[in-house]
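>
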Amino acid sequence: MISRVAESCFWLHRYLERAECVARMLGVNRLFLLDVTVAPEDRWLPLLTVTGEQSRFASLFSESAHLDGELVQDYLTWNCDNPVSIATCIQWARENARQIREVVGLEMWETINAIWQWLQNTRTRKLYYSDRDGFFRHVRDTVSTVHGVCHDTLLHDEPFDFMRLGMLLERAGQTARALDARHHMFGGDARDISAADAPAETAQWMALLRSCSAQDPFARWARGAPTRADIVKFLLKEESFPRSVLHCIDRAGNFLGRIRSRQKSHKGTELTAGLARIVEPLRYKPIATILEEGLHDELTRFISGLAEVSDGVGSEFFGPGLPEELA
């Protein structure tokens with residue numbers, strides 16, 4: 136399998152997963168702000184933090200621009216200068232799919248192309264202003280459809296493995312960043328959230344679960360009144376939940392192993408070890424210990440290690456990038 140195809144497969148699903156996550160976070164945050172009163176500083180800034188766009192957003196606009204909810208939503212949805220906006224992610228997902236049309240097949244290509252064309256339509260802009268929740272829901276539903284078409288119509292061979300690897304690494308990072316941003320807002324104790332002093336705090340934790348599509352699965356899993364520690368444990372460690380950090384990393388390791396076995400080489404050996412290394416503390420440390428030592432530090436270490444693994448996938452399987460003078 137040539138590296139160009141592998142790279143397009145990997146990034147195609149990373150961009151799709153990123154677009155879906157941003158759409159879900161925006162939709163959940165809008166509903167959350169309708170239900171509770173939140174300090175202006177905490178209304179939209181967490182979304183910029185989760186997406187890693189806080190500094191760029193401030194440099195493009197101003198240090199206080201995050202107080203403008205419409206501006207933040209527009210930036211995360213449409214702004215072409217934002218590499219993680221929904222429009223940018225869908226554009227690059229389509230471009231990667233176009234480059235490997237012979238791999239993705241007709242059904243998957245048509246589904247990806249349809250959402251790209253939908254975003255170009257002036258009627259979609261009107262929908263964004265008249266029914267924003269419906270707009271974000273359509274983005275989420277279409278990306279979920281692409282994942283389903285991919286799973287049900289593509290050969291489960293090496294291109295499929297790279298697609299799933301990209302999706303899972305992106306998903307693990309999104310869950311970790313969302314958890315870090317929300318947890319940081321309310322400190323680190325593990326008390327019963329139903330007994331929290333501020334109703335906004337309980338709503339914030341429920342919004343975190345919804346932003347990870349975890350509210351219903353968590354309700355089935357939890358016993359008794361939910362605590363912060365329960366939510367952290369579920370999003371980090373619950374192997375049966377497909378968006379938990381541990382589930383994503385374990386499955387990513389499985390697909391990396393499949394790729395290595397197909398290539399019959401030593402490629403990816405260090406990457407496999409790297410995945411095991413970054414997830415080991417999350418797997419074996421009790422949640423109480425993680426919270427006591429500092430969840431933020433643990434998640435920062437994990438996210439940094441995950442970025443190194445992602446970069447390693449590129450250098451190991453996709454070949455060297457452009458020389459500096461040409462980049």
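Under our numbering, the first residue of the sequence shown is numbered 136, with each subsequent residue one higher. Beta carbons: idealized from backbone N, C-alpha and C, even for Gly.
#1: So GLN309 packs on CYS156, CB below 8 Å; how close in whole Å?
#2: Is the beta carbon of ALA447 sitting closer than 8 Å to the one on ARG272?
#3: Determine the direct distance from the alpha carbon of GLY454 to that of VAL239, and round the result to whole angstroms.
#4: With DSSP run on the structure shown, which of helix, strand or coil describes THR337?
#5: Could you tell me which uninterrupted alpha helix (DSSP H) segments, each at least 4 residues in length, are contained entirely in the stretch 168–227, listed from first to last along the chain?
#6: Could you tell me the distance, in whole angstroms, from the CA atom of SER194 to the CA atom of GLU188?
#7: Taking all protein chains shown into account, decide if TRP146 is buried (16 or more other Cβ within 10 angstroms of its Cβ) or exposed.
#8: Might you give, ordered along the chain, the residues of its own chain that have their beta carbon closer than 8 Å to the beta carbon of LEU457, omitting 5 neighbours on each side?
#9: Measure the C-alpha to C-alpha separation of ILE225 and ILE137 and round it to an integer number of angstroms.
#10: Restricting to Cα atoms, I'd like to know which of ALA311, TYR264, LYS368 is closest to HIS431.
#11: Label ASN217 either buried or exposed according to how many other C-beta atoms from any shown protein chain fall within 10 Å of its C-beta, with 16 as the threshold for buried.
#12: Drop a sphere of 10 angstroms on the beta-carbon of GLU428, count the other beta-carbons inside from all chains shown, and report buried for 16 or more, exposed for fewer.
#13: Would you call GLN339 buried or exposed, if buried means 16 or more other Cβ atoms sit within 10 Å of its Cβ?
#14: Return the Cβ separation of LEU441 and ARG386 in integer angstroms, given the expectation that the two are a contact with Cβ distance under 8 Å.
#15: Kindly indicate which residue of GLU237, ARG358, THR223 has the alpha-carbon position closest to the one of ILE250.
#16: Within a Cβ cutoff of 6 Å, which residues of the same chain sit near ALA342, ignoring the five residues on either side of it in sequence?
#17: Do you know how far the Cα of THR246 is from the Cα of VAL171?
#18: Is ASN256 buried or exposed, if buried means 16 or more other CB atoms sit within 10 Å of its CB?
#19: Answer with buried or exposed for THR186, where buried requires no fewer than 16 other C-beta atoms within 10 angstroms of its C-beta.
#20: Taking its Cβ as the centre, do 16 or more other Cβ atoms sit within 10 Å of HIS291, making it buried, or is it exposed?
#21: By Cβ distance below 7 Å, which residues in the same chain neighbour ARG345 in space, the five residues on each side in sequence not counted?
#22: Please report the straight-line C-alpha distance between ASP332 and GLY301, rounded to a whole angstrom.
#23: Whole-angstrom Cβ separation of ASN464 and ARG229, contact assumed at under 8 Å?
#24: Give a yes or no on contact between the stretch 390–410 and the stretch 363–371, applying the rule of three or more CB pairs nearer than 8 Å.
#25: Out of PHE452, ASP203, ALA154, ILE425, state which residue places its alpha-carbon closest to the alpha-carbon of HIS318.
#26: Can you list, in chain order, the residues of its chain with a C-beta nearer than 8 Å to that of GLU374? Leave out the 5 residues immediately preceding and following it.
For this structure:
#1: Confirmed, Cβ separation roughly 4 Å.
#2: Note that residue 447 is Gly in the sequence shown here, rather than Ala. Contact: no.
#3: One C-alpha to the other measures close to 22 Å.
#4: If DSSP states are grouped into helix, strand and coil, THR337 belongs with the helices.
#5: Every alpha helix (DSSP H) of 4 residues or more that sits fully in the stretch 168–227 is shown, in chain order, as 180–185, 189–195, 204–212.
#6: Between SER194 and GLU188, the C-alpha separation is close to 10 Å.
#7: Its Cβ being crowded by 16 or more others within 10 Å, TRP146 is buried.
#8: Per-residue confidence for LEU457 stands at a pLDDT of 42, beneath the threshold of 50, marking its modelled position as unreliable; no derived number is given.
#9: Rounded to the nearest angstrom, the two C-alpha atoms are 24 Å apart.
#10: Closest in alpha carbon position to HIS431, among ALA311, TYR264, LYS368, is ALA311.
#11: Flag for ASN217 reads buried.
#12: Around the beta carbon of GLU428, fewer than 16 other beta carbons sit within 10 angstroms, so the residue counts as exposed.
#13: Looking at its Cβ environment, which holds 16 or more other Cβ atoms inside 10 Å, GLN339 is buried.
#14: That belief does not hold up - the Cβ atoms of LEU441 and ARG386 are roughly 14 Å apart, past 8 Å.
#15: Answer by Cα proximity: THR223.
#16: So the qualifying residues of the chain are VAL163, PHE167.
#17: Using only the alpha carbons, I get a separation of about 37 Å.
#18: With fewer than 16 other beta carbons inside 10 angstroms of its own, ASN256 counts as exposed.
#19: Answer is buried; the Cβ neighbour count reaches 16.
#20: The residue in question, HIS291, is exposed, as its Cβ has fewer than 16 Cβ neighbours within 10 Å.
#21: The answer, listed in chain order, is VAL163.
#22: Confidence in ASP332 is poor, its pLDDT being 48 and thus under 50, which makes the residue's placement too unreliable to answer from.
#23: Any answer about residue 464 is impossible in this case: the structure gives the chain only from 136 up to 462.
#24: The answer is no - the stretch 363–371 does not touch the stretch 390–410, with fewer than three Cβ pairs under 8 Å.
#25: Checking every option, the nearest Cα to that of HIS318 belongs to ILE425.
#26: Counting only Cβ-Cβ distances below 8 Å, and skipping sequence neighbours, we find LEU381, HIS382, ASP385.
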